[in-house]
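Colleague: Dumping the structure here so I can ask a few things about it.
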Amino acid sequence: MKSRQKGSEIVQAFISTIQGFAEKHMFWITPQKIRATDIVEIFIITFLFYHVLVWIKGTRAWMLFKGIIVILVFILVAAVFRMNTILWLASRTVDVALTALAVIFQPELRKALDQLGRKRFVTALFDFGMQQDSGRFSDRTINELVKASFEMGKVKTGALIVVEQDIVLSEYERTGIELDSLLTSQLLINIFEKNTPLHDGAIIVRGDRVVAATCYLPLSDSMTISKELGTRHRAAIGISEVSDSLTIIVSEETGAVSVAKTGKIYRNLDQDGLREQLKNIQKAEPEQSRLQTLQRRLKDAKKRRKNTD
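To convert a position in the sequence shown, counted from 1, into this note's numbering, add 83.
Right, dumping it as structure tokens:
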């Protein structure tokens, strides 16, 4: 009997402790009745929030967004534990932070509004990001890139080839001339041939296709870049600092082949070294939403049913 009483006392003490914690730290949560309109609002907000995340994920704003999430988590913890100093600082910097966000995300916001104005509302609303399914490139594309790079290196033809990964490079693609051509070594050599209309600037490769040529890239401001490297190499490093792309550089002075990624440059690669760099990003699977994966599986299932019928 005594052991049962002690057990019940321990359980009651634990429950009272939980209730006291909830009353002290969760005072801002008040239970309310859920109406049908509340459920509709939740679905609408979730739908819009999902599309905002899909839009942000394809831009360089994704890293900044993750930093903002970390700050919001700290503020939430401060609110739960009543850290008044942090809450006071956060309340005083809200206006400045909103203005700063508008300035920081200005290119992405302009791009989003431009896309919204060009698309039909219903089509854009139910797109679910299916149009941006770029995928990874094939082994044939790797062989063509390696072959073209070293063929141009032999004759000292300068080249700048940006291979896109998860972050879509649409804003840089628009600075050039649209091609949308199947990638071949002959095409790359002809594009970068001296005194041709498309040789100046960079090309952007998406999947197995060259989507644009004569594109302008941002120059890196890093002070650690060797003075031996020119504008072509600095542009390659610059695009790798603002995206997850891999850029192949063929030097016009020496014919050496280099690669820039994640803000670093790997110089004087041989054919095996370049092929290995391309293989590394080819093996990495592109980020896809669960909805896209589910839709593809449904399509595959329908095809199988038709074949069996």
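Cβ coordinates follow ideal geometry from the N, Cα and C atoms, glycine included. Predicted model, so just to flag it, every value in this text is computed and none were measured.
1. By DSSP, does E261 sit in helix, in strand, or in coil?
2. Could you tell me whether the Cβ atoms of K230 and E335 are closer together than 7 Å?
3. Using a threshold of 7 Å, state whether the C-beta atoms of A295 and G321 are closer than that.
4. Please work out which residues of its chain come closer than 7 Å, Cβ to Cβ, to I287, disregarding the five sequence neighbours upstream and downstream, and give them in chain order.
5. Please report the Cβ distance between S232 and V333, rounded to the nearest whole angstrom; I am assuming they are in contact, meaning their Cβ atoms lie under 8 Å.
6. Given this structure, state the Cα-to-Cα distance separating D291 from L131, to the nearest angstrom.
7. On a CA-only basis, which of V325, T307, P301 is nearest T405? Give me that one, please.
8. Which class does L300 belong to by DSSP, given the choice of helix, strand or coil?
9. Roughly how many whole angstroms lie between the Cα atoms of E92 and A185?
10. Within 7 Å of any Cβ in chain D, is that where the Cβ of R257 sits?
11. Assign L181 to one of three DSSP states: helix, strand, or coil.
12. For the region 282-348, which segments carrying the alpha helix (DSSP H) assignment without a break, of at least 4 residues, lie completely within its bounds, in sequence order?
13. Among A285, T176, Q365, whose alpha-carbon lies nearest the alpha-carbon of I331?
14. Of the choices D327, Q365, L312, whose alpha-carbon is the least far from that of R341?
15. Go to L252, then tell me how far its beta strand (DSSP E) extends in each direction, as first and last residue.
16. Over the uninterrupted beta strand (DSSP E) stretch that includes S243, give me the two end residues.
17. What would DSSP say about R358, mapped onto helix, strand or coil?
18. Can you look up E276 in the DSSP assignment and give me helix, strand or coil?
19. Among residues of its own chain, excluding the 5 on either side of T100, which ones have a beta-carbon nearer than 8 Å to its beta-carbon?
20. Given 6 Å as the limit, tell me if I125 has its C-beta closer than that to any heavy atom belonging to the ligand FMN.
21. Using the Cβ count rule (16 or more neighbours within 10 Å means buried), how would you classify T393?
22. Do A242 and F275 have their beta-carbon atoms positioned less than 7 Å apart in this structure?
23. Using DSSP with H/G/I as helix, E/B as strand and the rest coil, what is T100?
Modeller: Taking the structure as given:
1. What you label residue 261 is simply residue 178 of the sequence shown in a count that begins at 1. The answer is strand: DSSP assigns E261 an E or B state.
2. For the purposes of this step, residue 230 is taken as the residue at position 147 of the sequence shown. For the purposes of this step, residue 335 is taken as the residue at position 252 of the sequence shown. Cβ distance not < 7 Å, so K230 and E335 don't count as in contact.
3. For the purposes of this step, residue 295 is taken as residue 212 along the sequence shown, with counting starting at 1. For the purposes of this step, residue 321 is taken as residue 238 along the sequence shown, with counting starting at 1. Going by C-beta atoms, A295 is not nearer than 7 Å to G321.
4. As a working note, residue 287 is residue 204 in the sequence shown. Answer for I287: V245, E247, L252, Y255, E256, V294, A295, C298, listed in chain order.
5. Position 149 of the sequence shown, counted from the first residue, corresponds to residue 232. Position 250 of the sequence shown, counted from the first residue, corresponds to residue 333. Confirmed, Cβ separation roughly 6 Å.
6. Indexing the sequence shown from 1 puts residue 291 at position 208. Indexing the sequence shown from 1 puts residue 131 at position 48. Distance between the alpha carbons of D291 and L131 is about 32 Å.
7. Residue 405 lies beyond the residue range present for the chain, which begins at 84 and ends at 392; the question has no answer from this structure.
8. Locating residue 300 in the sequence shown gives position 217, counting from the first residue. Correct three-state label for L300: coil.
9. Against the sequence shown, residue 92 aligns to sequence position 9. Against the sequence shown, residue 185 aligns to sequence position 102. Rounded to whole angstroms, E92 to A185 spans 56 Å at the Cα level.
10. In the structure shown, chain D cannot be found, because there is only a single protein chain.
11. As a first step, residue 181 must be located in the sequence shown, where it is residue number 98. Looking at L181 - three-state DSSP - the assignment turns out to be helix.
12. 314-325
13. Taking the sequence shown and counting its residues from 1, one reaches residue 331 at position 248. I331 has its Cα closest to that of A285, out of A285, T176, Q365.
14. One-based indexing of the sequence shown puts residue 341 at position 258. Sequence check: residue 341 is Ser here, not Arg. Checked all of D327, Q365, L312; the closest Cα to S341 is L312.
15. Here residue 252 refers to the residue found at position 169 when the sequence shown is read from its first residue. That residue, L252, is in no beta strand (DSSP E); it is neither H nor E in DSSP.
16. For the purposes of this step, residue 243 is taken as residue 160 along the sequence shown, with counting starting at 1. The sequence shown places Leu at residue 243, rather than the Ser named in the question. First-last of the beta strand (DSSP E) with L243: 242-246.
17. Your numbering for residue 358 matches position 275 in the sequence shown. Reduced to three states, the DSSP call for R358 is helix.
18. Residue mapping note: residue 276 aligns to position 193 of the sequence shown, counting from 1. Of the three classes helix, strand and coil, the one that applies to E276 here is coil, per DSSP.
19. Counting from 1 along the sequence shown, the entry for residue 100 is found at position 17. Hits under 8 Å: none found.
20. Ligands are entirely absent from the displayed structure, and the ligand FMN is therefore not among its contents.
21. Residue 393 lies beyond the range of the chain shown here (84 to 392); nothing can be said about it.
22. Position 192 of the sequence shown holds residue 275. Position 159 of the sequence shown holds residue 242. Yes, Cβ-Cβ distance for F275 and A242 is below 7 Å.
23. Counted from its first residue, the sequence shown places residue 100 at position 17. Reduced to three states, the DSSP call for T100 is helix.
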